[in-house]
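Data block below; observations after.
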Amino acid sequence: MSTAFMNQHTQSLAPGAANSPTPERQRWFLVLARNRESTLLVVLLLLIIGTGMAEPAFLSWHNARDVLLNVAITAILTAGMTVVMLMRHIDLSVSSTLGVTAYAVGSLFIAMPGLPVPLAIVAGVLIGLAAGGVNGALVTFGRVPSLVATLSTLYIFRGIDYAWVHGGQINATSLPDAFSHIATGNVLGLPILVIIAAVVLAGVGYYLKFFRGGREFYAIGSNPEAATLAGIRVNRRVFVGFLLSGALAGLAGVLWLARFGTVDASTGKGIELQVVAAAVVGSVAITGGVGNVWGATLGALLLGVINISLVVLRVSSFWQLAIQGALIVLAIVSDTLLSRRIAKWSMKKRELG
Amino acid sequence: MDTPRKLNLRFSWEAMLCVVLVMSLGLGRGLSGEFLGAANMSNLLADFTEIALMALPMTLIIVAAEIDLSVASVMGMSSALMGVLWHMGLPMPLVVVLVLAAGVLAGLFNGLVIVRLGLPSLAITIGTLAMFRGFSYLLLGDQAIADFPANWTTFGISTVGDSFLPQPFILVILAAIGFTVLLQSTAFGRSLYAIGSNQTAAHFSGVDVARTKIKLFVLSGFMSALAGIIYTLRFSSARGDNGEGFELSVVAAVLFGGVSIFGGKGSLVGVLLSLLIIGVLKNALTLYDVSSEVLTIVTGLLLLSSVLVPNIAERLRAARIKRVMAAKAVAAR
Numbered sequence: 001m002s003t004a005f006m007n008q009h010t011q012s013l014a015p016g017a018a019n020s021p022t023p024e025r026q027r028w029f030l031v032l033a034r035n036r037e038s039t040l041l042v043v044l045l046l047l048i049i050g051t052g053m054a055e056p057a058f059l060s061w062h063n064a065r066d067v068l069l070n071v072a073i074t075a076i077l078t079a080g081m082t083v084v085m086l087m088r089h090i091d092l093s094v095s096s097t098l099g100v101t102a103y104a105v106g107s108l109f110i111a112m113p114g115l116p117v118p119l120a121i122v123a124g125v126l127i128g129l130a131a132g133g134v135n136g137a138l139v140t141f142g143r144v145p146s147l148v149a150t151l152s153t154l155y156i157f158r159g160i161d162y163a164w165v166h167g168g169q170i171n172a173t174s175l176p177d178a179f180s181h182i183a184t185g186n187v188l189g190l191p192i193l194v195i196i197a198a199v200v201l202a203g204v205g206y207y208l209k210f211f212r213g214g215r216e217f218y219a220i221g222s223n224p225e226a227a228t229l230a231g232i233r234v235n236r237r238v239f240v241g242f243l244l245s246g247a248l249a250g251l252a253g254v255l256w257l258a259r260f261g262t263v264d265a266s267t268g269k270g271i272e273l274q275v276v277a278a279a280v281v282g283s284v285a286i287t288g289g290v291g292n293v294w295g296a297t298l299g300a301l302l303l304g305v306i307n308i309s310l311v312v313l314r315v316s317s318f319w320q321l322a323i324q325g326a327l328i329v330l331a332i333v334s335d336t337l338l339s340r341r342i343a344k345w346s347m348k349k350r351e352l353g
Numbered sequence: 001m002d003t004p005r006k007l008n009l010r011f012s013w014e015a016m017l018c019v020v021l022v023m024s025l026g027l028g029r030g031l032s033g034e035f036l037g038a039a040n041m042s043n044l045l046a047d048f049t050e051i052a053l054m055a056l057p058m059t060l061i062i063v064a065a066e067i068d069l070s071v072a073s074v075m076g077m078s079s080a081l082m083g084v085l086w087h088m089g090l091p092m093p094l095v096v097v098l099v100l101a102a103g104v105l106a107g108l109f110n111g112l113v114i115v116r117l118g119l120p121s122l123a124i125t126i127g128t129l130a131m132f133r134g135f136s137y138l139l140l141g142d143q144a145i146a147d148f149p150a151n152w153t154t155f156g157i158s159t160v161g162d163s164f165l166p167q168p169f170i171l172v173i174l175a176a177i178g179f180t181v182l183l184q185s186t187a188f189g190r191s192l193y194a195i196g197s198n199q200t201a202a203h204f205s206g207v208d209v210a211r212t213k214i215k216l217f218v219l220s221g222f223m224s225a226l227a228g229i230i231y232t233l234r235f236s237s238a239r240g241d242n243g244e245g246f247e248l249s250v251v252a253a254v255l256f257g258g259v260s261i262f263g264g265k266g267s268l269v270g271v272l273l274s275l276l277i278i279g280v281l282k283n284a285l286t287l288y289d290v291s292s293e294v295l296t297i298v299t300g301l302l303l304l305s306s307v308l309v310p311n312i313a314e315r316l317r318a319a320r321i322k323r324v325m326a327a328k329a330v331a332a333r
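Here the protein sequences come in this chain order: A and B.
Quick note: the first sequence uses UniProt numbering, first residue 1, plus one each step.
Quick note: the second sequence uses UniProt numbering, first residue 1, plus one each step.
So, in structure tokens, the structure goes:
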């Protein structure tokens, strides 16, 4: 993408940028804008307070629990997507991986009712790893662009799911209580599922921020050639990224099974676009190199809260998609415009000395 | 990347598609006696009318290194709008014109946001995918409108004279010719390849990149609306969820046709062949009672092979050249 064009357009769009605002205003503006997560948090809080004022029942513990349970699963997928998107790649196959894993783990329980829960989770993660391995191999060894590779595996994994499930279904009654307890049980008042998700998200976030391997994801996305020259083994890192995304999708599949109990061949269909949307709203750049798990989680949380707010406010659920879509467009547009203004402002500051 | 090698591959890819098409026709004939019958051919063609209509502009967009994931949502929105306008008592021709205009507006919105703000089309059209689908639910909710006038719905299902050609398919043929001429033999079409291979270079050689891209998205909106209208007439049912998920099939068909996701490469001939292959395979497998869901595996494998096969061929050739060079070096010594 050419920056020359962008600058032209920004100039014609933002004539106000020419008359420089006072330093105080700029500082306030910069702090807020530089940290998109804080803006997102403010929007989220306003949304919660607003809905709570209109409909106090919204602020019930029961409702908060529902939001957290739903968002936890999407947020795990979004974290995986973040890792992949940081490297300028995309993983559209997460929904299919989730569906296959949920059904596979359910069948495992039917075959072995006494299966310990941790083992079931490990099995789910392994299935996810295998799916991620296929994607990673296609992208790195097969040199297939990730959009094409994961679009293909989106179809292939889902097709395998259909062929295998063949109209069947797994019901909550076939699952041991200990397993369903992941979604229904609490520790310190928080659902176990949410705690698992929080730990995983914190782990991925910490890895991305403080570990060499994590930083390499950013380096690859910002400039693949430079990353190669800097001695980063790009192929290996990309492969690991897809493994991670697959493993998280597998984990999400297990949690989905625990939460909903009922899974069939169409479980999780179409969720990939929601996940990309959450990441984008959480200011993970689709062009790579920018974003973090914290923002992505906030993005998932915002989309989740909007959905429940609409239900609570008795707004027709048909608004849900329209609002979500408008929000995504708004988020990308505002993010881009803000970052360009900041870039221009810091440039000006440098020129002035 | 050196262009000659790429060009070479592109041509061989289309030849390969021809072979695959003949093979899948043979497979269909082998699986079922009625496969090549007029009734079945008619079904086969009617079945991918909408996908084909949307794949044509999508080809141009991907050649220009952009993408439009909102096509199926625009299609659904057009279908819903068609139902609502008809229920408001407007005459059918006016309804069609208004729906097409709405499609143009949707495309214009995509184009303006992407081009004027210089934003990635993948992200924006994922957003408008949700937004336009949302609008279609807002328009119709979960109800369906089915009472379209009979003389219009028969257009959706009848054939041309005594032939097997479904009437709506004439639109596909006309559009295919139009788009092929547009992409392959006009300055506009050549400029798309230029934009797709190097946008900056295209700009400095006098191509109005911004305007060209906006035109592409408008074109895509228009064709998606047309697809929505035909789909509605074919099933005489306007629903908000019409065509859900079609965007991935459209992109898959274009990529399988040999168009590079990175832009600058591919032809409409390849895409038309790819559409035919997917249609034939889908139809043949359905006749053979293979569940249509298993076909999703086939779609995925086809899509993968479109990139993997040329890649592997390329590597094999590179390895052979290396071997020959090594042998020559040894002989020279």
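Ideal Cβ placement from N, Cα and C applies to all residues, glycine included.
Remember, predicted model here, so these are calculated numbers, not experimental data.
Residue i: buried (16+ other C-beta within 10 angstroms of its C-beta) or exposed?
{"i": "PHE35(B)", "result": "buried"}
{"i": "ASN171(A)", "result": "exposed"}
{"i": "TYR288(B)", "result": "exposed"}
{"i": "TRP256(A)", "result": "buried"}
{"i": "SER316(A)", "result": "exposed"}
{"i": "ARG333(B)", "result": "exposed"}
{"i": "HIS89(A)", "result": "buried"}
{"i": "PRO113(A)", "result": "exposed"}
Quick check: residue i and residue j, are their CB atoms within less than 7 angstroms of each other?
{"i": "GLY282(A)", "j": "LEU298(A)", "result": "yes"}
{"i": "LEU243(A)", "j": "GLY124(A)", "result": "no"}
{"i": "PHE217(A)", "j": "MET81(A)", "result": "no"}
{"i": "PRO205(A)", "j": "VAL293(A)", "result": "The identity of residue 205(A) in the sequence shown is Gly, whereas the question assumes Pro. Yes, they are a contact pair."}
{"i": "ALA252(A)", "j": "ILE73(A)", "result": "yes"}
{"i": "LEU147(A)", "j": "ILE261(B)", "result": "yes"}
{"i": "VAL238(A)", "j": "THR97(A)", "result": "no"}
{"i": "ILE196(A)", "j": "GLY185(A)", "result": "no"}
{"i": "SER93(A)", "j": "THR153(A)", "result": "yes"}
{"i": "GLY196(B)", "j": "GLY264(B)", "result": "yes"}
{"i": "GLU55(A)", "j": "LEU310(A)", "result": "no"}
{"i": "PHE109(A)", "j": "LEU175(A)", "result": "yes"}
{"i": "LEU321(A)", "j": "ARG133(B)", "result": "yes"}
{"i": "ALA102(A)", "j": "THR267(A)", "result": "yes"}
{"i": "VAL115(B)", "j": "ALA202(B)", "result": "no"}
According to DSSP, simplified to helix, strand and coil, what is residue i?
{"i": "ARG239(B)", "result": "strand"}
{"i": "THR82(A)", "result": "helix"}
{"i": "LEU105(B)", "result": "helix"}
{"i": "LEU138(A)", "result": "helix"}
{"i": "ASN186(A)", "result": "strand"}
{"i": "PRO191(A)", "result": "strand"}
{"i": "THR159(B)", "result": "strand"}
{"i": "ILE328(A)", "result": "helix"}
{"i": "ARG5(B)", "result": "Legend: pLDDT at ARG5(B) = 48, less than 50; position of this residue unreliable, value from coordinates given subsequently. ARG5(B) falls in the helix class under three-state DSSP."}
{"i": "ALA120(A)", "result": "helix"}
{"i": "ALA144(B)", "result": "strand"}
{"i": "ILE67(B)", "result": "coil"}
{"i": "ILE232(A)", "result": "coil"}
{"i": "PRO176(A)", "result": "coil"}
{"i": "PRO310(B)", "result": "helix"}
{"i": "PRO91(B)", "result": "coil"}
{"i": "PRO120(B)", "result": "coil"}
{"i": "PRO168(B)", "result": "helix"}
Round the Cβ separation of residue i and residue j to the nearest angstrom and send it over; I've been treating them as touching at under 8 angstroms.
{"i": "ASP91(A)", "j": "VAL84(A)", "result": "5 angstroms"}
{"i": "GLY107(B)", "j": "PHE246(B)", "result": "So it is not a contact: roughly 16 angstroms between Cβ atoms."}
{"i": "VAL74(B)", "j": "TRP86(B)", "result": "Contact doesn't hold; Cβ gap of about 18 angstroms is too wide."}
{"i": "GLY76(B)", "j": "ASP241(B)", "result": "6 angstroms"}
{"i": "LEU268(B)", "j": "THR49(B)", "result": "Not quite, the Cβ-Cβ distance comes to about 17 angstroms (not below 8 angstroms), so this is no contact."}
{"i": "ARG36(A)", "j": "ASP335(A)", "result": "6 angstroms"}
{"i": "residue 382(A)", "j": "ALA249(A)", "result": "This structure does not reach residue 382(A), given that chain A is present from 1 up to 353, and the question cannot be answered."}
{"i": "THR128(B)", "j": "GLY325(A)", "result": "6 angstroms"}
{"i": "LEU216(B)", "j": "ILE61(B)", "result": "5 angstroms"}
{"i": "ILE82(B)", "j": "VAL99(B)", "result": "In the sequence on display, residue 82(B) carries Met and not Ile. About 5 angstroms; that satisfies the 8 angstroms criterion."}
Item checked: Entirely enclosed beta strand (DSSP E) segments - the region 236–318 of chain A, minimum 3 residues -> Entirely contained in the region 236–318 of chain A, not one beta strand (DSSP E) run reaches 3 residues.
Checklist line | 4-residue-minimum alpha helix (DSSP H) runs that sit fully inside the region 67–112 of chain A, ordered along the chain | finding: For the region 67–112 of chain A, whole alpha helix (DSSP H) runs of length 4 or above, ordered along the chain, are 94–111.
Next item on the list: Enumerate, from N- to C-terminal direction, the unbroken alpha helix (DSSP H) stretches of 4 or more residues contained entirely within the region 255–296 of chain B.
Entry: If we require 4 residues or more, the alpha helix (DSSP H) runs fully inside the region 255–296 of chain B come out as 268–287.
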